[in-house]
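Here the structure comes first, spelled out in structure tokens, and everything after it is commentary.
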Amino acid sequence: MAIAMEATGLLRITVVKAMHLNQLDPLEKCDAFATLSIGEHRAYTKAISVQDKNPTWNETFALPVQLQPSRRRPPEQADVPITLVSADVLQVEVHERDMLMTEIIGKGQLTIGDLPQGVAVPRTLRLGGSR
0 MAIAMEATGL LRITVVKAMH LNQLDPLEKC DAFATLSIGE HRAYTKAISV QDKNPTWNET
60 FALPVQLQPS RRRPPEQADV PITLVSADVL QVEVHERDML MTEIIGKGQL TIGDLPQGVA
120 VPRTLRLGGS R
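Residue numbers for the sequence shown follow numbering that gives the first Met the number 0, so the first one is 0 and each next one is one higher.
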């Protein structure tokens, strides 16, 4: 996953791939897709049917984030720029879809305030099981 925080309040996310997914039904192909969410805003990758539990998406999304000043600026430092940060959290879920239902097979999260602004940074997010 590559992530870039823009000064405009958008988080640009490229979902590259998932590796070593725990399939719910080991006898069938895994129809996997990822869900990204920040608050009420959501994005979905396409469902990829794979036999080897390692789907590759390479899809890019932009989700809005709430930016706020990182600190209060004293009046004597009015000309010093303040860094804007976000307290939002990016939630990532990977789902497996079959003929009858869709189930979460892994999920994780990333605190957006830990990301630098305006720079794309690669991140690997370990997904925990949902059961």
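The beta carbon of each residue, even a glycine, is placed where N, CA and C say it ideally should be.
Residue i: first and last residue of the uninterrupted beta strand (DSSP E) it sits in
i: SER36; result: 29-37
i: GLN90; result: 88-96
i: ALA46; result: It is not in any beta strand (DSSP E) - ALA46 carries neither H nor E in the DSSP assignment.
Residue from the options whose Cα sits closest to the Cα of residue i
i: PHE60; options: ARG41, LEU66, GLN50; result: ARG41
i: VAL15; options: GLU27, LYS28, TYR43; result: TYR43
i: SER36; options: LEU124, ALA86, PRO63, PRO121; result: PRO63
i: THR101; options: THR123, LEU109, ASN57, GLU92; result: GLU92
i: MET98; options: CYS29, ALA86, ASP51; result: CYS29
Integer-rounded CB distance, given that residue j should sit under 8 Å from residue i
i: ALA33; j: VAL49; result: Actually they are not in contact, since the Cβ atoms of ALA33 and VAL49 sit about 13 Å apart, beyond 8 Å.
Whole-angstrom distance between residue j and residue i, CA atom to CA atom
i: VAL88; j: GLU39; result: 11 Å
i: GLU27; j: THR55; result: 18 Å
i: ASN21; j: ALA119; result: 29 Å
i: ASP51; j: GLN67; result: 43 Å
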